[in-house]
Amino acid sequence: MKRTFLSIAYASLVFLLGLSACNQTGEGEYSETPSGLKIKYIAEGEGAEPDSGYFLLLHMKYYQEDSLLFPPEGAGMDEAIPVRLESDSINQVYEAFGMLKKGDSAHFQVTPEELFVNTFRTTVPPGVEAETPITFHIGVEDVLSPQDFQVYQMEQTRKRQEDMLAQQAEQMQQDSVTINEYLAENKIEAESTDSGLRYTIVEKGSGVQPSAGDSVFVHYRGKLLDGTQFDASYDRGEPFGFVLGQRNVIAGWDEGIALLNKGGKATLYVPSPLAYGPQNIGPIAANSILIFDVELVDVKTAG
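According to mature numbering (1 follows the signal peptide of the UniProt record, and there is no 0), the stretch in the sequence shown is residues -21 to -1, 1 to 282, in order.
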């Protein structure tokens, strides 16, 4: 049982760990394998033992004495972590994984060196006592063949995409209400696109209107809804250039700049799903509505 999929590089384990339902104490004594692995079963499932190349879907926590090492407190990680079993591993962590089947829950103990040096291929981190064992609490959600694991991965991807779209739709509704309130309070009459972008044309411009694939050069001033400026090309004295419609900028810009003619000026009111969404970008907090005063300085048509 090798390090393959769970090349659990230290960082990836932190992000993928699920929380098990095991308590930190369990009944019974640890048994010891010839390698020195200490393990005890808390509950036994009814599934068959997995073959080499199969995947375990695990929920796990691990501790050093009373200190929870992983996952971090409040991390909110609930997906099972997949572990591929291979028969040629001499690692105690994978030895323990190979002793489990669907429905099992178990505790096992390894040394910090075994976990961090032999499994993660890193050093024992500060704060972890080198001589004190680390106790894993493991629950096996499922055991999957390689073919079934591919189906599982596709299903998980589909669910994540559905969740993301649902969150975006909910955020868009909230942002639309907030933008409408802002416009009403400031007596601004703005147009709206189907995507939810709001805009006002300040100067129409008399030049060419750009199309996807054209290079555009834009002067802008970016502000938060409270008026705080976070960036401005005007301050640098040079417009910002990009290829329109190539997703090189936020969606609100790809759509908003395409509404202008060369020489045109507008103000864009960009809901967060058309901006940076749930990401924190410098002074821009997650799910921030952005306001841009923009001027289309030049257009260079493709071809």
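C-beta: ideal position from N, C-alpha, C; glycine also. Remember, it's a predicted structure, so these values are computed and weren't measured experimentally.
Item: Counting pairs of beta carbons, one from the stretch 257 to 265 and one from the stretch 159 to 172, are three or more of them closer than 8 Å?; Value: no
Item: Where Gln88 and Pro125 are concerned, what is the direct C-alpha to C-alpha distance, given to the nearest angstrom?; Value: 28 Å
Item: Would you mind stating whether Ile117 and Ala85 have Cβ atoms separated by less than 8 Å?; Value: yes
Item: Can you tell me which of the three DSSP states Ile236 falls into?; Value: helix
Item: Determine the direct distance from the alpha carbon of Met151 to that of Pro13, and round the result to whole angstroms.; Value: 58 Å
Item: Using DSSP with H/G/I as helix, E/B as strand and the rest coil, what is Pro91?; Value: helix
Item: Work out the CA separation of His198 and Ala211 for me, nearest whole Å.; Value: 8 Å
Item: Please classify Tyr213 as buried or exposed, where buried requires at least 16 neighbouring CB atoms within 10 angstroms.; Value: exposed
Item: Please look up how many angstroms separate the CB atoms of Lys17 and Glu11, rounded, as I've assumed it's under 8 Å.; Value: 5 Å
Item: Curious, which full-length beta strand (DSSP E) runs of at least 3 residues does the stretch 13 to 61 contain?; Value: 17 to 22, 34 to 43 and 46 to 49
Item: Decide yes or no for the touch test of the stretch 98 to 116 against the stretch 135 to 149: beta carbon pairs closer than 8 Å, at least 3 of them.; Value: no
Item: At the level of alpha carbons, what is the spacing between Tyr(-12) and Glu74?; Value: For Tyr(-12), the predicted model reports a pLDDT of 35, less than 50, meaning its position is unreliable; a value from the coordinates is still stated below. Rounded to the nearest angstrom, the two C-alpha atoms are 18 Å apart.
Item: Return the residue from the list Phe196, Lys183, Asp154 and Val72 that minimises the CA-CA distance to Arg177.; Value: Asp154
Item: Have a look at the DSSP bridge pairing and note the partners of Tyr178.; Value: Glu170 and Leu247
Item: Could you compute how far the alpha carbon of Ile69 sits from the alpha carbon of Thr101?; Value: 17 Å
Item: Among Ala230, Gln129 and Glu44, which residue has its Cα nearest to the Cα of Phe34?; Value: Gln129
Item: Taking the DSSP output, what are the residues bridged to Gln208?; Value: Lys202
Item: Among the residues of its own chain, which have a CB less than 6 Å from the CB of Val222, if the five just before and after it don't count?; Value: Ser194
Item: Look at the alpha carbon of Phe115 and the alpha carbon of Ala22, and state the distance between them as a whole number of angstroms.; Value: 14 Å
Item: Given 8 Å as the limit, is there contact between the stretch 168 to 176 and the stretch 265 to 276, that is, 3 or more CB pairs closer than that?; Value: no
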